[in-house]
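Number of protein chains: 4
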Amino acid sequence: MTYTASVVGGSGFTGGELLRLLDGHPEFEVVQATSRSYERKTVGHQHPNLRGMDLRFSSPEDLESVDALFAATPHGVSMERIDDFSDAADTVVDLSADFRLDTEEQYDEWYDGHACPEYLEKSEYALPELNRENLPGADLVASGGCNATATLLGLKPLFDAGVLAGDEQVVVDVKVGSSEGGAGGGAASSHPERSGIVRPYAPTSHRHEAEIEQFLGLSVSFTVHAVDMVRGASATCHVFPDSPVEKKDMWGAYRDSYGDEPFMRTVAGGGGVYRYPEPKAVAGTNYGEVGFEIDPKNRRLVVFSAIDNMMKGSAGQAVHAANVALGIEETAGLEFQGLHPVGAP
Amino acid sequence: MTYTASVVGGSGFTGGELLRLLDGHPEFEVVQATSRSYERKTVGHQHPNLRGMDLRFSSPEDLESVDALFAATPHGVSMERIDDFSDAADTVVDLSADFRLDTEEQYDEWYDGHACPEYLEKSEYALPELNRENLPGADLVASGGCNATATLLGLKPLFDAGVLAGDEQVVVDVKVGSSEGGAGGGAASSHPERSGIVRPYAPTSHRHEAEIEQFLGLSVSFTVHAVDMVRGASATCHVFPDSPVEKKDMWGAYRDSYGDEPFMRTVAGGGGVYRYPEPKAVAGTNYGEVGFEIDPKNRRLVVFSAIDNMMKGSAGQAVHAANVALGIEETAGLEFQGLHPVGAP
Amino acid sequence: MTYTASVVGGSGFTGGELLRLLDGHPEFEVVQATSRSYERKTVGHQHPNLRGMDLRFSSPEDLESVDALFAATPHGVSMERIDDFSDAADTVVDLSADFRLDTEEQYDEWYDGHACPEYLEKSEYALPELNRENLPGADLVASGGCNATATLLGLKPLFDAGVLAGDEQVVVDVKVGSSEGGAGGGAASSHPERSGIVRPYAPTSHRHEAEIEQFLGLSVSFTVHAVDMVRGASATCHVFPDSPVEKKDMWGAYRDSYGDEPFMRTVAGGGGVYRYPEPKAVAGTNYGEVGFEIDPKNRRLVVFSAIDNMMKGSAGQAVHAANVALGIEETAGLEFQGLHPVGAP
Amino acid sequence: MTYTASVVGGSGFTGGELLRLLDGHPEFEVVQATSRSYERKTVGHQHPNLRGMDLRFSSPEDLESVDALFAATPHGVSMERIDDFSDAADTVVDLSADFRLDTEEQYDEWYDGHACPEYLEKSEYALPELNRENLPGADLVASGGCNATATLLGLKPLFDAGVLAGDEQVVVDVKVGSSEGGAGGGAASSHPERSGIVRPYAPTSHRHEAEIEQFLGLSVSFTVHAVDMVRGASATCHVFPDSPVEKKDMWGAYRDSYGDEPFMRTVAGGGGVYRYPEPKAVAGTNYGEVGFEIDPKNRRLVVFSAIDNMMKGSAGQAVHAANVALGIEETAGLEFQGLHPVGAP
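Next comes the structure, spelled out in structure tokens:
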């Protein structure tokens, strides 16, 4: 193990995934996990899959000095504590929304203002498929929003290939699992109310639009539905390019963008049961699947994208970015292929 | 009981729902249910909820003379047997796609041609909210497609109110349950493969587009996803009107179209857990829920619509239409309010 | 409508089911539903299936005078307010555990003592299959516990037929849905933690043992598991009779006990998919299914029993008992047959 | 990679899990996967999680020579082809029931006779916790039945500790997921019929009783229910020891049996949401969880046991046994810790 690591906010869902990934990572050693509510409890108390891990939650007030600190705290916490985090670690990877956007203006528009805007220009967005070249040596890395990640992965090749320029009409209809709501949850997240739903939970004005707009220069019509799964985000992008596109050009576009990416797969048609991207097929993994279909009648291009919101959309993306930032093999600790069959992911 | 009724194709899912509805209907008496595969078995053998019903499946070759015949056979069967059906019953209600469209040309475009095109102009579409005035006295009624029904119910008020004229961009992203695939099913419908999915199962060119186009004069960009529920169809319509719309106008539009409709509810915001239309809230009922949200940033109007695909989207719609066709109280036999809480519908 | 009714504790799950049943009941008129937390909200705010019902929650402090008051409050509340309830209504039907047992000693053993033990001998247990003859004219009716109800319905015919005398070994392994936990719920009931579980939630010493012991004179080894459904209780009773039993005797026993019962069905083997009792087959209904299989190798008799915990196990049982108590047709308001197919009940 | 391996019957569920485990195993190289139905298709065609694996199914008639052959064929196939398998590989690991029992008489009693009884005494049962000492160098290893495995793991420590001797009353109530039914499946396994069930699918006379009886010398009263999950087997053993047991003795018994086992965890009480063994907590892993609770009132001991039926109950057990048989590190290729939270496993 080459690097020491800590997880701040280790009792939540993404905190648990970070602990699992770092504990199984050949180059990281977890030396601290913090939790205010569960101080002195074992990490297995909150995360039953980690019952074999010999570590107890400690107070977030006493941060140990580590090589890499991963913050999985609620939005707004990291911006208050970023100086502490930076004192404690050379590399800070933040999983909240606090450092994803570039400017204070954007935060004022989409969030409730920013406590330390001077860090915004220093932070790097964590998604390697979008931002790999800026990650090596980064001090502060901001892991992307899960729904934004799914959308960005689906649409980016269209910009790379010139199919989209940024002023086209794009509707993004996202379906997500209940883990997006985090641990605890209220009445709407209770099993009797949440089971079996198709619930419009962010009909308009979802904050992840800001990340998409920042990276693609594209204003998207974005709507998020909650469906009955725990993990997973599926983005269906209904795209209306200015000029008709052909299937072979689309295959070329996705191959050009993702042909060398270790975690991206293009799935579009073919045989068998799983013919397009599905969250279920990537559940538990850091893989992202993208695919497409052309609708000549409506001059439409439909792009499908599926990730595990806890992995490629959060903790996996964070570890992937940390690997790149620290010069570790990109796929280290992220090789899990997923299961088949599996129930609700 | 005023009318005798039979169900042809009684062993399938919609056949079972028809039997349940007609058996509990104050004005119908079920005298026959046919099934080639389960001849002589009780209806409860296939439909455990009907174990108390004293009726056995008989051969579809020997149709009894009844007042109303409901056909719940696969697409293509009714067009072959329509003369037999018409001989057996004054009123035929067909739940397949065979008589939904107006012209032979449409069938040639969307299906595989039509065996008896002369019946097309005689048939009436079953959706009373769209077509009530044409139903009384109809000889042949064609129950609508479930996904088309959800979409039509969501969009029709926008045409009534002049928000849409027919040449606007409209994306319809539908989420449906596994009962749409019918009884039996292959590998893709097996529980291990079908659980917990968000699966693009009709990315483009879904045949229900034809019904929507016929009734609204609108070409929609239509995509259907299978999600983890058994019953239910949820249509999210992303609409881009030529002129901006206001919330109060939208409320007015839906009130004008559905204020007097016994089975339609408008749900848009407000408090509680269920703030927009959800299939779960109407599961088992003939109710349809519609709602909307305005997205000024993208000049978009988002319309949500939810039904039970087996009820408002099929068997319930058929009985509702039969009630109107025969001059029975519209809501007779369809009063069930649904359950709360309930699991996957 | 002959009788006025109120529901105290109308915002919870069983309160909502009571409102639904009474609203659709030909002989009851709902004049009040109380809720401390949701005072002045519509009942549809909490129960989306009741959006069409024109009633708002009022304070539980101001009880209207009614013919029948149904109390769906948490355990311990009714015993504190029973005098108020009795002042407000001639017939009180309580759905909590407060009046199910006969003696103060039993309450001291299984619960935390009783605030008004003098009511215990006046109350009648609500399950008509067990206690029909005592219900007519009852002033205070105590609806049974859902798990106890499932077990009692399964085992009672064995006592009627002399297969069991009370000193045999009986293991009862129960599987229940999430609605048993009530509305709200904490971390263990949240969708991410509760989905897909088989969780031992009452390994031993479940309080419903007391009801079973009281009515059958049998000490049962009782264990309850939570599984992934919302509604439903399934009890599997592993019974070791002193003498071997034969299939035809078992059929005779169940026929003798339940042949005339309007809500009981015996299901044991036969063909099709649903060959034994299943909660899914009775979801939403007041029906109970019982069945059995003989295991000669182990001298064992396995008895299966399935109900909807919200209906036959709670609100439906309460209305059924009220029907009998007030001399109304037994099945009035409880005719719903259930749905097929349906997802997680 | 030290050993070459092949998977016969690679298109089924356990075949897919074997391919995943062997592909990620540091000491195995997969050189062949056979499938009659999917010959020449990629393994990813059937197993979407293996889309990145560069291997196509070949005919089961042409077996390559390998170090280890894993057979994941339906019951009855291996006994017909065992000579071919033995010719092709030094070590054969069979996942069917064909070689689990010791004698021809047992097969005649529980199955339909055996085609090559001479192999029965040569085969070794695969469960290392039960049979580790016999595995090194074994030529033919028989992976145990999933339900038997769950039960054996729960009860074995009671025999080791002298709590049970073999003539006590033991009821085993098992709950399993839909993957036990295998790929394909008929109407009973279709999503609409299989969702949300608690279905008695083997009320009595389950064949896995034979394995339990063979290893523990105990006749168990065994009943299996299908519940709504895909992976997982949970066995609840209701045990009636001759003498009372104490909690500390039970902890001692489980510690003695499993304290050094790399894949066994004892979970009994404590805090948090997951207080007893749950399939969900071990989904996707080779871990088994056991736990217990004492019921003094009924002189009963309740033992809970949970595994992933596809892993510890099948493919994982097979690889674990192969590791031991070949002298590889026991945990190699089986280190995955599982996910939290996760939906239906």
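Protein chains in written order, with my numbering: chain A, 50 to 394; chain B, 50 to 394; chain C, 50 to 394; chain D, 50 to 394. We treat Cβ as the ideally placed atom computed from N, Cα and C, and that holds for glycine. Since the structure is predicted, the reported quantities are computational estimates derived from the model, not experimental observations.
- The region 256-307 of chain A contains, as complete beta strand (DSSP E) runs of 3+ residues, the segments 270-276 and 282-289 (chain order).
- A direct Cα-Cα distance of roughly 7 Å separates D/N347 from C/V269.
- C/H124 is classed as exposed because its beta carbon has fewer than 16 other beta carbons within 10 Å across all chains shown.
- Secondary-structure assignment with DSSP links A/S60 through no beta bridge to anything.
- Under the DSSP assignment, C/E154 falls in the alpha helix (DSSP H) whose first and last residues are E153 to W159.
- In the DSSP annotation of this structure, the continuous segment of the alpha helix (DSSP H) that includes D/A199 starts and ends at C195 to D209.
- The beta carbon of C/P123 sits no closer than 8 Å to any beta carbon of chain A.
- Around the beta-carbon of C/D305, fewer than 16 other beta-carbon atoms lie within 10 Å, marking it exposed.
- Remark: C-beta atoms of A/N180 and A/V225 do not approach each other more closely than 8 Å.
- Annotated three-state conformation of B/Y174 is strand, per DSSP.
- Within the region 370-388 of chain D, those residues whose Cβ lies closer than 9 Å to any Cβ of chain A are, in chain order, E384, F385, Q386, G387 and L388.
- At a beta-carbon threshold of 9 Å, the residues of chain C lying near D/T253 are E342, I343, D344, P345, K346, N347, R349 and V351, ordered along the chain.
- DSSP places C/Q81 within a strand segment (E or B) once states are collapsed to three.
- At least 8 Å separates the beta-carbon of C/A175 from that of C/M278.
- DSSP links C/F106 through a beta bridge to C/A82.
- Per DSSP, reduced to three states, the secondary structure at A/L68 is helical.
- Counting other Cβ atoms within 10 Å of its Cβ, D/P109 reaches 16 or more and is therefore classed as buried.
- Measuring C-alpha to C-alpha distances from C/A214 to each of C/S228, C/R248, C/G235 and C/E262 identifies C/E262 as the nearest.
- With a contact defined as Cβ atoms closer than 8 Å, B/V219 and B/A199 miss out at about 14 Å.
- Per DSSP, C/P75 has no beta-bridge partner at all.
- Under the 8 Å Cβ criterion, the region 54-65 of chain B does not count as touching the region 244-256 of chain B, having fewer than three qualifying pairs.
- Under the Cβ criterion of 8 Å, C/P241 is counted among the residues facing chain A.
- Under the DSSP assignment, C/S127 falls in the alpha helix (DSSP H) whose first and last residues are V126 to A137.
- Contact between the region 350-358 of chain D and the region 286-294 of chain D is present, with at least three C-beta pairs closer than 8 Å.
- Boundaries of the alpha helix (DSSP H) harbouring C/G93: V92 to Q95, taken from the DSSP string.
- Among the residues facing chain D, B/V279 is included, as its CB has a counterpart in that chain under 8 Å away.
- Residue environment for A/D72: buried (at least 16 other C-beta atoms within 10 angstroms of its C-beta).
- Residue range Q218 to V225 is occupied by the beta strand (DSSP E) that includes C/V225.
- Between the region 201-214 of chain C and the region 354-370 of chain D there are fewer than three inter-stretch CB-CB distances shorter than 8 Å, so the stretches are not counted as touching.
- Classified as buried, A/R243 has 16 or more neighbouring CB atoms from the shown chains inside 10 Å of its CB.
- Comparing alpha carbon positions, the residue from A/P328, A/D344, A/G281 and A/L202 closest to A/E229 is A/G281.
- Counting along the chain, the unbroken alpha helix (DSSP H) around C/G365 starts and ends at G365 to L375.
- Between the C-alpha atoms of C/G376 and C/P185 there is a straight-line separation of about 7 Å.
- If you look at D/V115, you'll find it in the beta strand (DSSP E) that goes V115 to A120.
- Following the DSSP letters along the chain, one finds A/R243 inside the alpha helix (DSSP H) bounded by residues H240 to R243.
- At least one C-beta of chain B is nearer than 8 Å to the C-beta of A/I246.
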